[in-house]
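Novice: First, the structure itself, so that you have it in front of you.
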Amino acid sequence: MKHFTSIEDVDDPQQLIQQVVDLKQNPTSSSVGRQKTVGLIFFNPSLRTRLSTQKAAQNLGMDVIVLNISKDSWKVEFEDGTVMDGISQEHIKDTVKVISSYCDILAVRSFATLRDREKDYGEQVLNNFIEHSSVPVISMESATLHPLQSLTDMATIADIGIKKPKVVLSWTPHPKPLPQAVANSFLQWLPAIEADITITHPQGYELAESFADGFMQTYDQEEAFKDANVIYAKNWSSYTDYGATPNVNGTWTITPEKMALTNQAEFMHCLPIRRNVVASDEVIDHSIVYQQAKNREYAAQAVLQNLLENL
Amino acid sequence: MKHFTSIEDVDDPQQLIQQVVDLKQNPTSSSVGRQKTVGLIFFNPSLRTRLSTQKAAQNLGMDVIVLNISKDSWKVEFEDGTVMDGISQEHIKDTVKVISSYCDILAVRSFATLRDREKDYGEQVLNNFIEHSSVPVISMESATLHPLQSLTDMATIADIGIKKPKVVLSWTPHPKPLPQAVANSFLQWLPAIEADITITHPQGYELAESFADGFMQTYDQEEAFKDANVIYAKNWSSYTDYGATPNVNGTWTITPEKMALTNQAEFMHCLPIRRNVVASDEVIDHSIVYQQAKNREYAAQAVLQNLLENL
Amino acid sequence: MKHFTSIEDVDDPQQLIQQVVDLKQNPTSSSVGRQKTVGLIFFNPSLRTRLSTQKAAQNLGMDVIVLNISKDSWKVEFEDGTVMDGISQEHIKDTVKVISSYCDILAVRSFATLRDREKDYGEQVLNNFIEHSSVPVISMESATLHPLQSLTDMATIADIGIKKPKVVLSWTPHPKPLPQAVANSFLQWLPAIEADITITHPQGYELAESFADGFMQTYDQEEAFKDANVIYAKNWSSYTDYGATPNVNGTWTITPEKMALTNQAEFMHCLPIRRNVVASDEVIDHSIVYQQAKNREYAAQAVLQNLLENL
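Residue numbers (this note's numbering), protein chains in the order written: chain A, 609 to 919; chain B, 609 to 919; chain C, 609 to 919.
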């Protein structure tokens, strides 16, 4: 593994998922990170990702440098060839070359803007890191993918211990438009565990074909929930009418009544979660979302360990 | 000691105070914190508390994760049962459950709002941490108490070495309304050392009876200063007309002339201090406020060490 | 070396420069920093300085505490004797005395305001740190000097390996007024390596005589570039009409055509650089600016190591 920015960077996803499960059961830490530095670069806010990745790095003995890039340092330019006489103070390529020269591994978070689909799906920020970094790059969520979350999710589902579970990815309401990254990434990783997959969302919220094709899709949430072993809730904005939030018929909030349609399914969500909007308190309070969040630490640790061993 | 959020959490306050004094005289550090992580969570700004707690943790070999919660991550919801379709992005209970899962000890700072006395004195934020954290919680100042400061203050007074000193808690002016936390907490801890205690403040600035009852109280600052061994200066806003700053007759700024009324008293203040408003330059420049601030490190270290030994 | 705030703090600049060059070639790290804490205090944003100094400290085994002073803590007062009833919450002397009591070394960054030349060149912030700190102070750029950058620059030039190189300090355009600190400091350090020095800038951009006197100065950029071995590009605002940016005739952007006038000169810049304003993409992409940035780590490490060995 050279970078960790998508499942395509991973030689053997099944093995990596198993490593996360194993770390969870026996979180002994290696000291492979001693004398090594990871730089965590945030273009966007973060809680779980920030803390779990920092904790994972420290578990391995690494030094951690955290940079909130726009608050602690400079406004960054992304376009090539620009005459930089405006507000941007440094070009991303210079930023990345310099930061990576002080680190052994770089991790970066940068959300979709939801304004320009081509740019977002072109992964401008992440690709600049990959191109210009002299060290391995970890995505802590990019415009279109969130591989640390998905690796966590796969380990969490595997750990439930059901053989070929029925997993439902269900769209849920949210008061503001969100990226498709978590949903895209979840679908990209699901084939790495053996599962029956159903996607359910209102009309107008179809995900990109490159991620959704080949999976069962339905506009009928209750139909989808039948016999489910795992309900994975997530909001996303429209991919086709990019970033829009078309009106939705009916209520998509996940309630105990809907969970009762399932086969005693576990409820999962990547957090933060809008209570009583995405799902009702009762659903969340009886869910495995905290174990899922804790697994973020083990996922980050497995990824860091793999990258460190290949340095 | 399970948490450290008030003197009521401490089995033997005298012993803990003595530990702080001893650490000051011999700051050898234990390595009981190795492989342990403390999360420092700030809802409000901090300098002394931030630095001294971080230093104390590092003295013990701990890894430290700092989170400025509203700037680095999300807007937090505190009410139960809310339909979270507004600006709050995560419920405090989810935040705390997740953060505590990555840490061995959590420390949190959250000031009073001074808008709603019932909410402030109900310690909504701190109590959410205590209720939902899976690890010990340290208060780095809550709405109504500042126990790390008070522990520091007791050790500082004890270290002066006067038997049963006369300690005066004096209200002082300040350009904006401040919480009562430092004053409340000071009074809560004073009985742990043997001292004669007098509180002096203008009319309208009475502290809550639950903290002030049983102590000598006077509106006459100069009378109070007579024979004092320690002058502890602090501003607070009105408790009765909650958060208000009623007009004050006379000047309450502490001057060399007022200090001359005392028995060569030491001047103390928790800092930051508004010079020539709370006290004049000359008073501050001949005071023990810097030793007091340095003792914050030893207080935090004693508390962390106790909690770590009980993990 | 007691502090590191200017070349005047350094007993033997040549030796220190050589130490940086040696560290670059053999970056083995000493563990002289173990159990020691450096506080990095930022009044202004920072990327290279923040990361390279943190990395250098960690290389030496130090604990690092980072404080973005106005965002994480308080508004600071700099005037003596003020009645602090306005927005300033803590006096710089109190801030420094307290912070330094928690650290073994303090590093501080504070830019020129460009409003009041006397205050800026009086180095109010830095001098308050020097005066009130109980531990050694490192300047991470002050109002008028940037010694860590200059030490880096000298090591970078020395490492090019040309005997008595012709070094040209060239003013370049920039969309907003910048301090003179990097240019001043560069001139202050150049005599420590053997070099022929030429300064070139438009009329109205003369640097302070105390820094520029004794060096060749010309308004003709192309003339200056002839036979140069090193082009050191930097913008600064007017010193005489303090902080102003008088109109400039001709274009001062550094282009491949201008570089062709030199003796295959290396292009240097302290970064961040406004591409196609300060210099064109092609010049930057064929320059040694990234090696220069990486050398910041070794410069900080050499300085920290010297200060630590003298504690």
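Yeah, the Cβ is synthetic: ideal placement off N, Cα and C, and Gly gets one too.
Who pairs with Met876/B in a beta bridge, going by DSSP?
Specialist: Answer by DSSP bridge pairing, in chain order: Tyr840/B.
Novice: Closer than 7 Å by beta-carbon distance: list the chain B residues that pair up with Glu905/A, in chain order.
Specialist: Correct list: Tyr710.
Novice: Quick check on the burial criterion: 16 or more other C-beta atoms within 10 angstroms. Buried or exposed for Val775/C?
Specialist: With 16 or more Cβ atoms within 10 Å of its Cβ, Val775/C is classed as buried.
Novice: By Cβ distance, which residues of its chain are closer than 8 Å to Ile625/A, with the 5 residues on each side in sequence left out?
Specialist: So the list reads Leu759, Met762, Ala763, Ala766, Ala800 and Ile801, once near-sequence residues are dropped.
Novice: Could you give the first and the last residue of the continuous beta strand (DSSP E) run that contains Asn676/B?
Specialist: Element bounds for Asn676/B: Asp671 to Asn676.
Novice: Closer than 7 Å, Cβ to Cβ, to anything on chain A: give me those residues from the segment 640 to 668 of chain C, in chain order.
Specialist: Here the close residues are Pro653, Ser654, Leu655, Arg656, Arg658, Leu659, Ser660, Gln662, Lys663 and Gln666.
Novice: Please compile the residues from chain C whose C-beta is within a distance smaller than 9 Å of the C-beta of Trp844/A.
Specialist: Ordered by position in chain C, no residue passes the 9 Å Cβ test against Trp844/A, which lies about 32 Å from the chain.
Novice: Using a beta-carbon distance cut-off of less than 7 Å, what residues from the segment 713 to 747 of chain C approach chain B?
Specialist: Listed by position, the residues of the segment 713 to 747 of chain C near chain B (Cβ gap below 7 Å) amount to none.
Novice: Looking only at its chain, what residues have a beta carbon closer than 6 Å to the beta carbon of Asn676/C, apart from the 5 residues adjacent to it on each side?
Specialist: Closer than 6 Å at the Cβ level, and outside the excluded window around Asn676/C, lie Phe650.
Novice: Using DSSP with H/G/I as helix, E/B as strand and the rest coil, what is Asp804/C?
Specialist: It is a strand residue.
Novice: Just to make sure I have the definition right: I need the residues of chain A whose C-beta is within less than 8 Å of the C-beta of Trp797/B. Which are they?
Specialist: What Trp797/B touches in chain A: nothing, since even the nearest Cβ is about 32 Å away.
Novice: Using a beta-carbon distance cut-off of less than 7 Å, what residues from the segment 881 to 909 of chain C approach chain A?
Specialist: Of all residues in the segment 881 to 909 of chain C, Ile881, Arg882, Arg883, Asn884, Val885, Asp889, Tyr898, Ala901, Lys902 and Glu905 have a Cβ within less than 7 Å of some Cβ in chain A.
Novice: What are the boundary residues of the alpha helix (DSSP H) that Trp797/B is part of?
Specialist: Here the alpha helix (DSSP H) through Trp797/B covers Ala789 to Trp797.
Novice: Output the boundary residues of the beta strand (DSSP E) element that contains Lys727/C.
Specialist: Looking at the DSSP string, Lys727/C is not in any beta strand (DSSP E); the run it does join, the alpha helix (DSSP H), is Arg725 to Tyr729.
Novice: Going by the DSSP bridge assignment, what does Ala715/B pair with across the sheet?
Specialist: Ala715/B pairs with Leu648/B and Ile746/B.
Novice: Between Thr703/C and chain B, is any beta-carbon pair separated by less than 8 Å?
Specialist: True, the Cβ-Cβ gap to chain B drops below 8 Å.
Novice: Ignore the nearest five residues each way along the sequence and tell me which others in Gln913/C's own chain have a CB closer than 7 Å to its CB.
Specialist: Ser638, Val640 and Leu668.
Novice: Does the separation of the CB atoms of Leu915/B and Pro744/B fall below 8 Å?
Specialist: Yes. Within cutoff.
Novice: Below 8 Å on the Cβ atoms is my contact criterion, and I expect Ser793/B with Leu734/B to pass it. Report the Cβ-Cβ distance as a whole number of Å.
Specialist: That pair is no contact at about 12 Å.
Novice: With burial defined as no fewer than 16 other Cβ atoms inside 10 Å of the residue's Cβ, what is the status of Val886/B: buried or exposed?
Specialist: Buried, by the Cβ-count rule.
Novice: I want to verify the contact list: residues of chain E whose CB lies under 9 Å from the CB of Pro783/A, in sequence order.
Specialist: Of the chains in the structure shown, none is chain E; the protein chains are A, B and C.
Novice: Restricting to Cα atoms, I'd like to know which of Leu714/C, Phe819/C, Gln666/C and Thr721/C is closest to Ile746/C.
Specialist: The shortest Cα separation from Ile746/C among Leu714/C, Phe819/C, Gln666/C and Thr721/C belongs to Leu714/C.
Novice: Report yes if the CB atom of Thr613/B is closer than 8 Å to the CB atom of Pro787/B, and no otherwise.
Specialist: No. Outside cutoff.
Novice: Check each residue of the segment 864 to 883 of chain B: if its Cβ is closer than 7 Å to any Cβ of chain C, include it; give the result in chain order.
Specialist: Within the segment 864 to 883 of chain B, the qualifying residues are Leu879, Pro880, Ile881, Arg882 and Arg883.
Novice: Since Ile707/B meets chain A, which of its residues come closer than 8 Å, beta carbon to beta carbon?
Specialist: Neighbours of Ile707/B on chain A, chain order: Leu655 and Leu659.
Novice: By DSSP, does Thr826/C sit in helix, in strand, or in coil?
Specialist: DSSP places Thr826/C in strand when its eight states are reduced to three.
Novice: If you draw a straight line from the C-alpha of Met876/A to the C-alpha of Asn837/A, how long is it?
Specialist: Rounded to the nearest angstrom, the two C-alpha atoms are 11 Å apart.
Novice: For the segment 892 to 903 of chain C against the segment 863 to 876 of chain C, are there 3 or more C-beta pairs whose distance is under 8 Å?
Specialist: They touch, by the three-pair rule.
Novice: List the endpoints of the continuous alpha helix (DSSP H) containing Lys701/B.
Specialist: Looking at the DSSP string, the run of the alpha helix (DSSP H) that includes Lys701/B is Ile700 to Ser709.
Novice: Does chain B have any CB closer than 8 Å to the CB of His611/C?
Specialist: Closer than 8 Å: no.
Novice: Whole angstroms is fine: what's the gap from Lys701/C's alpha carbon to Tyr710/C's?
Specialist: Distance between the alpha carbons of Lys701/C and Tyr710/C is about 15 Å.
Novice: Between which two residues does the alpha helix (DSSP H) containing Ser818/B stretch?
Specialist: Segment Glu817 to Ala820, the alpha helix (DSSP H) holding Ser818/B.
Novice: My output table needs one value for Ile862/C: the three-state DSSP class, helix, strand or coil.
Specialist: Residue state, collapsed to three classes: strand.
Novice: Name the two residues that bound the continuous beta strand (DSSP E) containing Lys774/B.
Specialist: Lys774/B -> beta strand (DSSP E) spans Lys774 to Trp779.
Novice: What residues of chain B sit near Leu675/C, judged by a beta carbon separation below 9 Å?
Specialist: The contacting residues are Leu655, Arg658 and Leu659.
Novice: What three-state label does DSSP hand Arg883/C in the structure shown?
Specialist: Correct three-state label for Arg883/C: strand.
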